[in-house]
Structures are given as C-alpha cells and as structure tokens.
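Working notes, structure below.
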Amino acid sequence: MKNIAVLVSGGGTNLQALIDAEKSGIIKNGKITCVIASKPGVYALERAAQNGIKSLVIPRKDYADIASYTRAVTDALLAEKADLVVYAGFMTILDEQIFRAFPYKMMNIHPALIPSFCGKGFYGLHVHEAALAAGVKLSGATVHFVTEVCDGGPIIMQKAVPVENGDTPETLQKRIMEQAEWKILPEAVSLFCQDRIKVVDGKAVVD
Ligand code: GRF
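Residues 51 to 257 (my numbering) are what the sequence shown spells out, left to right.
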C-alpha cells in the first residue's frame with residue numbers, strides 16, 4: 051500500500067476527487083495519508099478534516115526564499131514517508147531539492163493539454179484565458195510527473211475537452227475540471243500505486 055501525500059493551496063476539488071476515488075476503490079494499492087497546504091484556512095484543509103486525513107500547513111510566507119521553503123516541504127514529506135506526492139492545485143514553485151528527494155514520484159494536474167498553455171504564468175484562469183484567446187476548439191487537462199522544469203515533466207495522461215461557443219474562462223475551467231481533471235488524476239494515481247508507469251527515454255509509459 052503506497053502512502054499518497056497531497057499538496058494543496060486552494061479549494062481542493064482535485065483532492066476531493068482523490069478522496070472520492072479512494073473511497074470507491076478506484077485507487078488501487080494507495081492511501082491518502084496526509085495533505086500539506088501552502089497557506090492556512092484553504093477549503094482543501096476542511097475536506098481533509100471531513101475525511102479524517104492528517105493535514106499540515108507550511109505557510110509559504112513564513113520562509114524567506116524558495117530554497118528554505120522547499121527544504122521544509124521536502125522534510126515534511128520524508129517524515130510522512132510519502133511514496134507519491136500529488137500536486138493538486140498547489141500554487142507554489144519548489145526547487146530541484148524536492149525532485150532529487152522524490153525522482154518521478156511526484157505528479158501534477160495541469161488544466162490544459164501540455165505543451166499548450168503551460169509554464170511560468172500559466173495557472174488558474176490565466177490558462178483558460180490564453181486558450182480562449184488562441185481560439186482553440188479543444189482544451190483539456192494533463193497529468194505529468196513533476197521535475198525541475200515547470201510543467202515540463204513526462205506526460206502521464208491527458209483528456210481533451212471541447213471549447214464551446216460563448217465560453218468564458220470560468221465556464222471552460224469548470225468543464226475541464228468536471229470532465230477531465232477529476233477523472234484523469236485519480237486514474238493516474240492508481241496506475242502509479244500499481245507500479246504501472248515507467249519513464250523510458252524521458253517519456254512516461256503506462257503498461
Ligand atoms: C485546478 O484547475 C487545477 O488544475 C489547478 O488548480 C486549480 C484548482 O484546483 N492546478 P483545486 O480545486 O484546488 O483542486
């Protein structure tokens with residue numbers, strides 16, 4: 051049984067999808083054992099509490115720089131004996147220390163089809179604003195391994211979602227969350243916990 055640690059910064063809808071998937075048996079051989087928030091009072095912490103999941107708050111604002119903050123988060127994850135770290139709406143960039151501690155053992159959900167609309171500055175509604183500005187007819191979500199390159203790790207799963215006439219960033223975000231993010235993240239976590247994802251020549255291969 052693998053220990054799953056979830057990093058959060060906001061509402062925690064992806065955390066909720068993972069909690070629901072664990073309860074319904076979709077996540078094989080994995081258990082969410084802790085939630086770590088980058089700031090206090092976020093609703094993701096309430097979701098953890100409602101489900102009896104241990105949570106820690108490591109406030110980004112308490113640390114002078116990214117290096118010391120990354121050290122604190124890494125040490126907490128090691129203390130929790132995390133086998134998998136899931137970034138679920140985690141809004142703080144960490145440095146390469148954590149990648150060295152958890153090589154190909156961390157995954158992130160990005161609300162676009164990487165390599166489109168990703169990288170520095172592409173988070174939250176900004177992603178969907180860019181997709182609408184580009185006039186794409188399909189967007190979606192991507193689960194990828196976290197490496198030192200922002201949104202640049204090997205892609206594990208993707209799911210496309212249609213852009214509809216009259217979409218706003220908010221309506222597109224909601225559709226992508228409901229139809230893509232909340233489905234592929236639990237699936238990818240389950241595959242990892244079953245040791246069914248390998249990285250070969252820099253590409254994630256699911257067997
Ligand atoms: C989601 O759109 C996710 O793709 C992005 O952060 C947003 C909020 O996630 N990484 P959550 O509701 O806090 O899980």
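Here a beta-carbon is modelled for each residue, glycine too, at the ideal position from N, C-alpha and C.
- Here the C-alpha atom of residue 145 lies approximately 23 Å from the C-alpha atom of residue 62.
- Taking 4 residues as the shortest admissible run, the region 90-126 contains the following complete alpha helix (DSSP H) segments, listed from N- to C-terminal end: 93-100.
- Residue side-chain check: residue 221 keeps its Cβ at 7 Å or more from all non-hydrogen atoms of the ligand GRF.
- Counting only unbroken stretches of 3 or more residues, the beta strand (DSSP E) elements lying wholly within the region 182-243 are 188-195, 205-212, in sequence order.
- Nearest Cα to residue 166 within the set 189, 225, 199: 189.
- Counting along the chain, residue 53 sits inside the beta strand (DSSP E) bounded by residues 52-58.
- According to the DSSP assignment, residue 68 belongs to the alpha helix (DSSP H) that extends over 63-73.
- Under the three-state reduction of DSSP output, residue 148 falls in the helix class.
- Annotated three-state conformation of residue 180 is helix, per DSSP.
- The alpha-carbon of residue 244 is positioned some 11 Å away from that of residue 237.
- When C-beta atoms of the region 185-200 are compared with those of the region 144-163, three or more pairs fall below 8 Å, so the two segments count as touching.
- In the structure shown, the three-state DSSP call for residue 132 is coil.
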